[in-house]
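Using the numbering used here, the first residue of the sequence shown is number 234, and each one after it goes up by one. Working notes for the structure below.
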Amino acid sequence: MTNQEPDLRKYAKLLEGAFDELHAAVIKTLDDTRWSFGTHHDYPTMGMTESGFPYFSEVGFYNEKARKDYVGVFRPRSLAGLLMSERLQENFPAGAELIEFLKSNELGKKFQLEEPYSESYVDRMVGDCVERYFQLYGTGPVQKRKRQDILKLAFFGTVEDSLEVRLVVPIALTHFQVDRYRLNETTYIARIPRATQLSRSRIGSRGSGAERGVVSAATHAFVSNGWSIPNKSLQNVRNGLNEPSGDALDTVDRFMASLRAATGAVTGYAQVLFLPRGWATEFYCDLPSVYGANCRRYPNSFDNYGWSGGGQSAITRTQLDDVKRIYNRILERREERVLIALKRLNACMTRDDAVDAILDATIGIEVLLGDKENQALSYKLRIRAGALASLSGSMKPTDVSAAVKNIYDVRSRIVHGLDAKKSKKQLLAPEDERYASERKAAADMLRFLIDVLLEFPQYLDPLKIDRELILGPRTQPGGNGG
Numbered sequence: 234m235t236n237q238e239p240d241l242r243k244y245a246k247l248l249e250g251a252f253d254e255l256h257a258a259v260i261k262t263l264d265d266t267r268w269s270f271g272t273h274h275d276y277p278t279m280g281m282t283e284s285g286f287p288y289f290s291e292v293g294f295y296n297e298k299a300r301k302d303y304v305g306v307f308r309p310r311s312l313a314g315l316l317m318s319e320r321l322q323e324n325f326p327a328g329a330e331l332i333e334f335l336k337s338n339e340l341g342k343k344f345q346l347e348e349p350y351s352e353s354y355v356d357r358m359v360g361d362c363v364e365r366y367f368q369l370y371g372t373g374p375v376q377k378r379k380r381q382d383i384l385k386l387a388f389f390g391t392v393e394d395s396l397e398v399r400l401v402v403p404i405a406l407t408h409f410q411v412d413r414y415r416l417n418e419t420t421y422i423a424r425i426p427r428a429t430q431l432s433r434s435r436i437g438s439r440g441s442g443a444e445r446g447v448v449s450a451a452t453h454a455f456v457s458n459g460w461s462i463p464n465k466s467l468q469n470v471r472n473g474l475n476e477p478s479g480d481a482l483d484t485v486d487r488f489m490a491s492l493r494a495a496t497g498a499v500t501g502y503a504q505v506l507f508l509p510r511g512w513a514t515e516f517y518c519d520l521p522s523v524y525g526a527n528c529r530r531y532p533n534s535f536d537n538y539g540w541s542g543g544g545q546s547a548i549t550r551t552q553l554d555d556v557k558r559i560y561n562r563i564l565e566r567r568e569e570r571v572l573i574a575l576k577r578l579n580a581c582m583t584r585d586d587a588v589d590a591i592l593d594a595t596i597g598i599e600v601l602l603g604d605k606e607n608q609a610l611s612y613k614l615r616i617r618a619g620a621l622a623s624l625s626g627s628m629k630p631t632d633v634s635a636a637v638k639n640i641y642d643v644r645s646r647i648v649h650g651l652d653a654k655k656s657k658k659q660l661l662a663p664e665d666e667r668y669a670s671e672r673k674a675a676a677d678m679l680r681f682l683i684d685v686l687l688e689f690p691q692y693l694d695p696l697k698i699d700r701e702l703i704l705g706p707r708t709q710p711g712g713n714g715g
């Protein structure tokens with residue numbers, strides 16, 4: 234890094250020069266009546282539904298309060314800006330010098346300036362910095378400290394080989410009775426700041442299957458620190474952060490499983506975000522940089538105006554204590570049977586079809602309590618579940634055993650087709666509510682077993698349940714009998 238210090242200092246100096254040059258050109262144009270500035274017509278706005286969730290829209294073309302697009306008079310970013318505004322033609326020698334330096338220096342590799350039209354990436358970055366300055370601090374003389382606060386983000390975003398990000402996942406249609414709750418040293422649940430709300434609204438839903446109303450309807454988010462992405466090129470960073478990795482989705486799903494296991498909440502998520510930590514390569518006005526994608530990981534019922542009216546899940550601080558306990562227990566376990574059971578719980582509690590949900594739950598129960606021998610499976614499962622109930626103290630062993638028996642009686646009727654199917658030719662037929670109570674019972678049983686086994690992980694071996702909880706410790710040969 235020491236060998237690069239002269240180049241780094243020169244890069245920082247050239248970046249300042251390009252900033253000041255464009256800033257001065259915009260200021261000069263402000264007093265020129267021959268030119269009119271466009272607006273940021275797509276700047277987001279936020280309102281609140283009666284149910285207490287946000288919804289988003291845009292300022293629009295004809296709103297007098299729309300923010301002025303200062304840099305757009307030279308470098309319009311949107312298609313509307315290109316079509317509707319008459320661009321000023323002006324030379325920017327400081328900007329050109331910056332580009333030439335990056336072309337000839339190792340520091341410029343991340344811009345991929347050998348590619349066609351790639352010089353526009355540098356111009357856009359400088360333009361974003363200048364526009365952000367105007368939106369934050371107005372059109373007065375440049376204040377060096379405030380300029381540096383913006384430029385240092387772009388500087389680090391283009392020279393560091395690894396970029397730190399924060400994983401942020403808005404929790405859809407779920408109320409929380411706290412503003413912030415820490416789960417462990419690196420993760421927490423927090424109310425989403427207004428600026429982040431506005432910024433995340435700009436992520437498109439096309440192709441994701443996510444309903445815009447569901448994407449909007451989140452007041453709190455699951456936040457996980459300690460993430461990073463290799464910075465081989467700015468384009469790779471952008472693409473990587475806009476396509477959440479399997480590791481990121483697994484992290485979110487483990488949290489969602491803990492939330493569901495602890496509370497039984499009907500919940501989910503429709504967006505996965507990454508927020509840069511101490512760097513940026515692009516800005517929009519005064520909003521924080523946000524990357525990510527919309528996705529569909531929530532119950533289908535949410536799409537039916539689930540964000541309006543009432544009836545959404547509400548999580549208390551006391552419940553969050555249980556979420557924290559279960560979440561941290563999940564992080565300690567790497568057994569395949571635990572991971573499968575958590576996936577089945579998530580699937581069970583997001584299914585529309587009650588039959589599918591019951592089957593998901595029973596698979597989860599079998600994974601946790603079953604063994605390699607399939608004989609008398611239902612009997613073994615209910616006996617083992619009852620034995621585990623004696624550890625928790627929250628349910629009677631006999632009640633748990635009876636509940637498992639009932640669940641498996643229903644499962645048997647389902648898989649053997651013993652219940653008549655509903656007619657497929659009824660228009661406006663009432664909603665089929667068969668198995669609604671059985672579905673809840675199956676999900677609750679899987680939640681209960683996950684909770685107990687995470688607290689007593691030694692019994693993740695079902696045969697150990699038999700030896701220690703059902704049969705009890707055997708009398709040692711030659712010992713004093715009872």
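Glycine is no exception: its CB is placed at the ideal position from the N, C-alpha and C atoms. Please read all numbers here as calculations on a predicted model, not as lab measurements.
Assigned secondary structure, residue i (DSSP; H/G/I helix, E/B strand, else coil)
i, result
"residue 582", "coil"
"residue 279", "strand"
"residue 597", "helix"
"residue 635", "helix"
"residue 363", "helix"
"residue 606", "coil"
"residue 273", "coil"
"residue 513", "coil"
"residue 453", "strand"
"residue 333", "helix"
"residue 438", "coil"
"residue 504", "strand"
"residue 521", "coil"
"residue 543", "coil"
"residue 284", "coil"
"residue 302", "strand"
"residue 397", "strand"
Residue i to residue j span [Cα, whole Å]
i, j, result
"residue 293", "residue 428", "19 Å"
"residue 689", "residue 623", "12 Å"
"residue 597", "residue 618", "13 Å"
"residue 610", "residue 667", "25 Å"
"residue 353", "residue 359", "10 Å"
"residue 377", "residue 245", "13 Å"
"residue 271", "residue 544", "43 Å"
"residue 777", "residue 644", "Look at the range of the chain in this structure, 234 to 715, and you will see that residue 777 is not part of it."
"residue 590", "residue 642", "15 Å"
"residue 317", "residue 306", "Its pLDDT being 49, under 50, residue 317 is placed unreliably by the model, and nothing is read from it."
"residue 347", "residue 385", "25 Å"
Chain-order list of residues whose beta-carbon lies under 8 Å from that of residue i (same chain, five-residue window excluded)
i, result
"residue 718", "Shown here, the chain extends from 234 to 715; a query on residue 718 therefore has no answer."
"residue 540", "282, 284, 286, 288, 406, 446, 447, 449, 450"
"residue 291", "274, 275, 276, 277, 278"
"residue 542", "283, 284"
Sequence-distant residues of its chain with Cβ nearer than 6 Å to residue i (five each side left out)
i, result
"residue 693", "568, 686"
"residue 535", "406, 447"
"residue 251", "327, 328, 331, 359"
"residue 361", "515, 516"
"residue 434", "277, 289"
Extent of the continuous beta strand (DSSP E) to which residue i belongs
i, result
"residue 422", "420-424"
"residue 289", "287-291"
"residue 548", "546-548"
"residue 392", "Where residue 392 is concerned, there is no enclosing beta strand (DSSP E), although the alpha helix (DSSP H) it sits in stretches over 377-392."
"residue 525", "524-530"
Member of the options whose CA lies at the smallest distance from the CA of residue i
i, options, result
"residue 678", "699, 553, 638, 525", "638"
"residue 640", "605, 602, 600, 594", "594"
"residue 237", "279, 298, 338", "338"
"residue 462", "510, 489, 495", "510"
"residue 697", "268, 613, 627", "613"
"residue 257", "289, 364, 241, 704", "364"
"residue 635", "480, 615, 566", "615"
"residue 672", "581, 426, 325, 295", "581"
"residue 296", "277, 303, 306", "277"
"residue 414", "472, 560, 280", "560"
"residue 408", "469, 501, 477, 439", "501"
"residue 683", "563, 264, 341", "563"
"residue 763", "558, 254, 263, 465", "One cannot answer for residue 763 here, as it falls past the ends of the chain, which runs 234 to 715."
"residue 524", "506, 607, 469", "506"
Host alpha helix (DSSP H) of residue i (start-end)
i, result
"residue 623", "610-625"
"residue 409", "Where residue 409 is concerned, there is no enclosing alpha helix (DSSP H), although the beta strand (DSSP E) it sits in stretches over 407-409."
"residue 244", "238-263"
"residue 473", "467-474"
"residue 431", "427-433"
"residue 485", "479-496"
Neighbourhood of residue i by C-beta distance below 7 Å, restricted to the same chain and skipping five residues each side
i, result
"residue 301", "270, 272"
"residue 713", "Residue placement at residue 713 is flagged as unreliable, the pLDDT there being 47, under the threshold of 50; a coordinate-derived value is accordingly withheld."
The ligand SAM heavy atom lying under 8 Å from the CB of residue i
i, result
"residue 399", "Of ligands this structure carries none, so the ligand SAM is not represented either."
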